[in-house]
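Quick note on the numbering used here: the sequence shown kicks off at 172 and runs consecutively.
Positions of the beta carbon are idealized from the N, C-alpha and C atoms, including for glycine.
Here the structure is a predicted model, which means the values were calculated and not measured.
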Amino acid sequence: MRIVTAIVKAEKVRDVERVLREVEAPGFTYYPVKGHGREVQPELSGGRVGVLFADVLPRKKFEIICPEGMVDTIINKIREAVSSGNPGDGIIYVTPVERLMRISTGEEGEAVFKH
172 MRIVTAIVKA EKVRDVERVL REVEAPGFTY YPVKGHGREV QPELSGGRVG VLFADVLPRK
232 KFEIICPEGM VDTIINKIRE AVSSGNPGDG IIYVTPVERL MRISTGEEGE AVFKH
């Protein structure tokens with residue numbers, strides 16, 4: 172099992188929700204965060220477009236716990252949904268889950284995904 176974490180622009184929430192439902196992700200959580208990183212600066216002096224390190228900006232952080240076999244599909248679909256090809260689109264990373272338990276039933280591991 173893995174956690175796929177995606178930090179995306181706030182206005183992309185509905186796009187990410189849509190693709191996660193399309194691929195039948197077992198479930199997801201998202202919440203507001205703020206981050207600092209590379210961002211497209213639409214107009215520098217002379218009308219040029221450039222990349223600068225931006226101030227702390229609002230983002231949404233998605234966490235999706237899923238079987239390992241779904242990771243590539245989830246990553247690819249999120250990227251397709253939010254990518255503009257410019258810096259500032261966000262990041263995705265994957266971490267292992269050592270233990271997973273459904274609180275209501277005590278089920279553990281991949282059995283949690285079967286309901």
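Residue i: first and last residue of the uninterrupted alpha helix (DSSP H) it sits in
i           : result
residue 276 : Residue 276 -> no alpha helix (DSSP H), and no H or E assigned at all.
residue 248 : 242-253
residue 230 : Unbroken run through residue 230 is the beta strand (DSSP E), 228-237; no alpha helix (DSSP H).
Expected contact under 8 angstroms - CB spacing of residue i and residue j to nearest Å
i           : j           : result
residue 194 : residue 266 : Between residue 266 and residue 194 the Cβ distance is about 19 angstroms, and since that is not below 8 angstroms, they are no contact.
residue 172 : residue 251 : So it is not a contact: roughly 23 angstroms between Cβ atoms.
residue 253 : residue 187 : 7 angstroms
Residue i - containing beta strand (DSSP E), residue span
i           : result
residue 261 : 261-267
Residue i CB to nearest heavy atom of the ligand ATP below 7 angstroms
i           : result
residue 270 : In the structure shown, the ligand ATP is absent, as is every other ligand, since no ligand is present at all.
Given 8 angstroms, three or more beta-carbon pairs between the stretch 259-279 and the stretch 184-201: no
Cβ contact check for the stretch 243-259 and the stretch 174-188: 3 or more pairs under 8 angstroms: yes
Sufficient close CB pairs (3 or more, under 8 angstroms) joining the stretch 276-286 to the stretch 224-235: no
Ordered list of beta strand (DSSP E) runs contained in the stretch 173-211, each at least 3 residues: 173-180 and 200-206
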